[in-house]
Amino acid sequence: MNRYERIQQIAVTAAQMREIEGRIFAGGMPVAALMEKVAGLISQRVQSLFPLLLNPTPSPSPSNGEGRRDFSEFLVRVGVLVGPGHNGGDALVVARELHFRGYQVKIYRPFSKLKDLTAQHDLYAQSLGICYVEDIADLQDCDLIIDGLFGFGLEREIKDNLAETINGLNEWSKLVISIDLPSGLHTDTGEVLGTAIKANHTLCLGLWKLGLLQDQALEYVGKAELIDFDIPLADVTAILGEMPQIQRVTKGFIKEHLPLSRPAVTHKYKQGHLLLICGSRKYAGGAILTGLGARGSGVGMLSIAVPESLKSLLVSHLPEALIIGCEETESGAIASLPQAVDLGSYDAIACGPGITTEATTIVEEVLANNKPVILDADGLNILAQLGTISTLQNRQVTTVLTPHAGEFKRLFPDIENVQQNRVEAVKKAAELTGSIVLLKGARTAIGNASGKVWIIPESTPALARGGSGDVLTGLIGGLLAQGVAANINSLVERVVIAAWWHAQAGILAAKERTELGVDAFTLTQFLNPVLSGLL
Ligand SMILES: NC(=O)C1=CN([C@@H]2O[C@H](COP(=O)(O)OP(=O)(O)OC[C@H]3O[C@@H](n4cnc5c(N)ncnc54)[C@H](OP(=O)(O)O)[C@@H]3O)[C@@H](O)[C@H]2O)[C@@H](O)CC1
Ligand SMILES: Nc1ncnc2c1ncn2[C@@H]1O[C@H](COP(=O)(O)OP(=O)(O)O)[C@@H](O)[C@H]1O
Ligand SMILES: [K+]
């Protein structure tokens, strides 16, 4: 795996970042040299995002003799917010470089006490005659704001005047680039500490900060990218280990696993047999969508157990599947599985979408069986009623739970503040149950029993739409069944792939059909194009 891939798969806490930097400095890299290097890269990126010469026929006047070019006709006015720590130091170096390149720079530094290195850069910026403003309102005519107030050193709430300043600035709706992370966000959880800058772009430095991958941060982060400043991988490994506990899922990771290669000589039952148990008279569509998600996975054989009255509907939508009609309750939920159904004969079973909470005995039966199981939707609500931890503790085979935050709270009432730290919540839930837990959201997180967490770093709000979760359940089921049939030991990667694939299908569909054009059925039609795009 090349450096780019390795680096993109890592996400760190503030404490880990500090330890890694500590090793770099202990190795001999001067702090000031590193700041110069990092800020130089930020400044270059800002210049490429917002080039000075947007005018097609520029006629710059000659250099003003101080090494600073004078393009007064085509100025980009940049306001730079400078904090007391090294984030502020970075910002000052960026301010200086942009000043030399001909940008019209104004600095707002609402602190008198600065860290030494930051103070030195501050002195130099003053000596160059860069404009300092006392009042944030003086930045209102800027085209662009660079936020260097706080980085991973922020630990306390932002209050009083500074909070008011940030709130006011957020209302201007200016273009904002945040250095490392939007000032005000907690580096690990993405929680807003008092208040935070709303950025359009975040240039994250060196390694992805975990907080940028948490749902609650997204409103503030804008478009995020990593500025790689050559942190030696040996230093990263020394702190995080060869197999970091938290992994940001990249295309490279997926490419290692997809497409699932098939042997030349095989047959349908060797390519995974998935049983879906889903649907009710009330929720018939969920069964179809789950089936279509499973179809997208390429699973060898698909059986779908639905209430008898839904049988012909399912056949018409999924002619390739074996539809099993089940005896139903008065209200049209599955009452029992036909005796002929041997749960032990399937490679995996996915149960839940649309079954209603009447189907308790079905869930009990499925969990009592010795096959990998995915529970979703009402399958999860029934599990919560049965007692999540006590029910799952004795299961010897893989169980995958796919809750959204609401279902998660019902399943794990003792895990507090789920949305405040989704990564920690999913880790705890997986450890407590010995299951694979996939917490749905804008940044879906997947945890396993050994404390590892995978985060899907890209998705689209186009997926926030009824039925898209059903598609995911089918897709996970199909990949799991194929994994079991292929005797693969670790199934969590299959769940991770399904979540990535599902998100990418949403992104691709939204690109072609807009964010409003991605209904769950349309989503299923973009599963295969994602796969072919990978090849
Ligand atoms: N080391 C390097 O060379 C490299 C560092 N890099 C850069 O350094 C950044 C980390 O720098 P950092 O550790 O100095 O912390 P930073 O986020 O700037 O702020 C801490 C300061 O804020 C203060 N403070 C905290 N809370 C506050 C509040 N509520 N209200 C007011 N003040 C508050 C706190 O004061 P104190 O708590 O000590 O009183 C402290 O002085 C990192 O994000 C990256 O940009 C990269 O370029 C790579 C190379
Ligand atoms: N804002 C969002 N950004 C990205 N993905 C989202 C967002 N909101 C929801 N999703 C995804 O959409 C799916 C919704 O699933 P779920 O809540 O189970 O819906 P349903 O039960 O209606 O199918 C999940 O995969 C979730 O991760
Ligand atoms: K910042």
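The UniProt record's numbering applies: residue 1 is where the sequence shown begins, and numbers increase by one. Glycine residues also receive a C-beta, built at the ideal position from the N, C-alpha and C atoms. Nothing here was measured: the structure is a model prediction, and the numbers come from that model.
(request) In angstroms with no decimal places, state the Cα-to-Cα distance between T357 and D378. (result) Taking the sequence shown and counting its residues from 1, the one referred to as residue 357 is at position 357. Taking the sequence shown and counting its residues from 1, the one referred to as residue 378 is at position 378. C-alpha separation (whole angstroms): 6 Å.
(request) Let me know the secondary structure DSSP gives R248 once reduced to three states. (result) Within the sequence shown, numbered from 1, the residue matching residue 248 stands at position 248. Note: R248 maps to strand in three-state DSSP.
(request) Take the Cβ of P372 as the centre, count every other Cβ of all protein chains shown within 10 Å, and call the residue buried at 16 or more, exposed below. (result) Here residue 372 is taken as the residue at index 372 of the sequence shown, counted from 1. Buried, since its Cβ has 16 or more Cβ neighbours within 10 Å.
(request) Flag this pair as touching only if the stretch 269–282 and the stretch 324–332 have three or more C-beta atom pairs under 8 Å; answer yes or no. (result) They touch, by the three-pair rule.
(request) Verify the contact flag: T290, CB atom, against every heavy atom of ligand 2, threshold strictly below 7 Å. (result) Sequence index remark: in the sequence shown, residue 290 carries index 290 (1-based). With a cutoff of 7 Å, T290 does not count as near ligand 2, since its C-beta is closer than that to no heavy atom of the ligand.
(request) Quick one: using the 10 Å Cβ neighbour count with 16 as the cut-off for buried, is K427 buried or exposed? (result) Taking the first residue of the sequence shown as 1, we reach residue 427 at position 427. Buried, because 16 or more other Cβ atoms sit within 10 Å of the Cβ of K427.
(message) Is it the case that the stretch 248–258 contacts the stretch 17–25, given that we only count it when at least three CB pairs across the two stretches are under 8 Å?
(response) no
(request) Could you spell out where the beta strand (DSSP E) holding A350 opens and where it closes? (result) Reading the sequence shown from its first residue, position 350 is the one you call residue 350. Unbroken beta strand (DSSP E) run through A350: A348 to C351.
(request) Since I believe K115 is in contact with L139 (beta carbons under 8 Å), could you give me their beta-carbon distance rounded to a whole number of angstroms? (result) In the sequence shown, the residue the question calls residue 139 occupies position 139. In the sequence shown, the residue the question calls residue 115 occupies position 115. L139 to K115, Cβ: 23 Å. No contact.
(message) Using DSSP's beta-bridge definition, name the partner residues of W208.
(response) If you number the sequence shown from 1, residue 208 lands on position 208. Bridge partners of W208: A11.
(request) Report yes if the C-beta of H86 is less than 7 Å from at least one heavy atom of ligand 1; otherwise report no. (result) The residue you call residue 86 lines up with position 86 of the sequence shown. True, at least one ligand heavy atom lies under 7 Å from that Cβ.
(request) For L207, verify whether its CB is less than 7 Å away from any heavy atom of ligand 3. (result) As a first step, residue 207 is located in the sequence shown; it is residue number 207 there, counting from the start. Not one heavy atom of ligand 3 falls within 7 Å of the beta-carbon of L207.
(message) Closest to L218 by C-alpha separation, out of Y4, G190, S178 and M29, would be which residue?
(response) Indexing the sequence shown from 1 puts residue 218 at position 218. The shortest C-alpha separation from L218 is found at G190.
(message) Rounded to the nearest angstrom, what separates V176 and G40 at their Cα positions?
(response) Here residue 176 refers to the residue found at position 176 when the sequence shown is read from its first residue. Here residue 40 refers to the residue found at position 40 when the sequence shown is read from its first residue. Straight-line Cα distance between these residues: approximately 18 Å.
(request) Could you tell me whether any non-hydrogen atom of ligand 1 is closer than 7 Å to the CB of residue 559? (result) Summary: the structure shown does not reach residue 559, with the chain confined to residues 1 through 535, and so no result is reported for it.
(request) Note down, in chain order, each residue of its chain lying with its Cβ closer than 8 Å to the Cβ of D215, except the 5 sequence neighbours on either side. (result) Here residue 215 corresponds to residue number 215 of the sequence shown, with the count starting at 1. Hits under 8 Å: G190, Q419, R422, G441, A442 and R443.
(message) What residue range does the alpha helix (DSSP H) around Q504 cover?
(response) For the purposes of this step, residue 504 is taken as residue 504 along the sequence shown, with counting starting at 1. First-last of the alpha helix (DSSP H) with Q504: V492 to R513.
(request) Return the CA-CA distance between I95 and A11, expressed in angstroms with no decimal places. (result) By one-based count along the sequence shown, residue 95 stands at place 95. By one-based count along the sequence shown, residue 11 stands at place 11. Before going further, note that residue 95 is Ala rather than Ile in the sequence given. Approximately 28 Å, taken between the alpha carbons.
(request) For E73, count neighbouring C-beta atoms within 10 Å of its own C-beta (all shown protein chains included) and say buried if the count is 16 or more, exposed if not. (result) The residue given as residue 73 occupies position 73 in the sequence shown. Low confidence applies to E73: its pLDDT is 45, below 50, so where it sits in the model is not reliable enough to give any reading.
(request) Return the CA-CA distance between G478 and L392, expressed in angstroms with no decimal places. (result) Here residue 478 corresponds to residue number 478 of the sequence shown, with the count starting at 1. Here residue 392 corresponds to residue number 392 of the sequence shown, with the count starting at 1. The alpha-carbon atoms of G478 and L392 are separated by roughly 22 Å.
(request) Could you tell me if the beta carbon of residue 566 falls within a distance shorter than 7 Å of some heavy atom in ligand 2? (result) The chain is shown from 1 up to 535; residue 566 falls before or after that span and cannot be answered.
(request) Leaving aside the five residues before and after Q385 along the sequence, list all residues of the same chain whose C-beta is less than 6 Å from its C-beta, in chain order. (result) Position 385 of the sequence shown, counted from the first residue, corresponds to residue 385. Excluding positions up to five away in sequence, the list is empty.
(request) Would you mind stating whether L210 and T13 have Cβ atoms separated by less than 8 Å? (result) Locating residue 210 in the sequence shown gives position 210, where the first residue counts as 1. Locating residue 13 in the sequence shown gives position 13, where the first residue counts as 1. In this structure, T13 lies closer than 8 Å to L210 by Cβ.
(message) Need the endpoints of the beta strand (DSSP E) that S336 sits in, please.
(response) Counting from 1 along the sequence shown, the entry for residue 336 is found at position 336. Here the beta strand (DSSP E) through S336 covers I334 to S336.
(request) Indicate, with yes or no, if ligand 1 has a heavy atom lying under 7 Å from the CB of E19. (result) As a working note, residue 19 is residue 19 in the sequence shown. No, the Cβ of E19 stays beyond 7 Å of every heavy atom of ligand 1.
(request) Within the same chain, show all residues whose beta-carbon is closer than 7 Å to that of S309, passing over the 5 residues directly before and after it, in chain order. (result) Translated into the one-based positions of the sequence shown, residue 309 becomes position 309. Excluding sequence neighbours, S309 sits near R281, E328 and G332.
(request) List the endpoints of the continuous beta strand (DSSP E) containing S303. (result) For this step, residue 303 is matched to residue 303 along the sequence shown. That run of the beta strand (DSSP E) goes M301 to P307.
(request) Locate the alpha helix (DSSP H) running through K427, then write down its first and last residues. (result) As a first step, residue 427 is located in the sequence shown; it is residue number 427 there, counting from the start. Taken as a continuous stretch (DSSP letters only), the alpha helix (DSSP H) holding K427 covers R422 to T433.
(message) Among the candidates G296, G344, G285 and S345, whose CA atom is the shortest distance from the CA of S316?
(response) Position 316 of the sequence shown, counted from the start, is the residue given in the question as residue 316. Comparing Cα positions, the closest option is G285.
(message) Please tell me whether K223 and H257 are closer than 8 Å, where the distance is taken between their beta carbons.
(response) Position 223 of the sequence shown, counting from 1, holds the residue named residue 223. Position 257 of the sequence shown, counting from 1, holds the residue named residue 257. Cβ atoms of K223 and H257: not closer than 8 Å.
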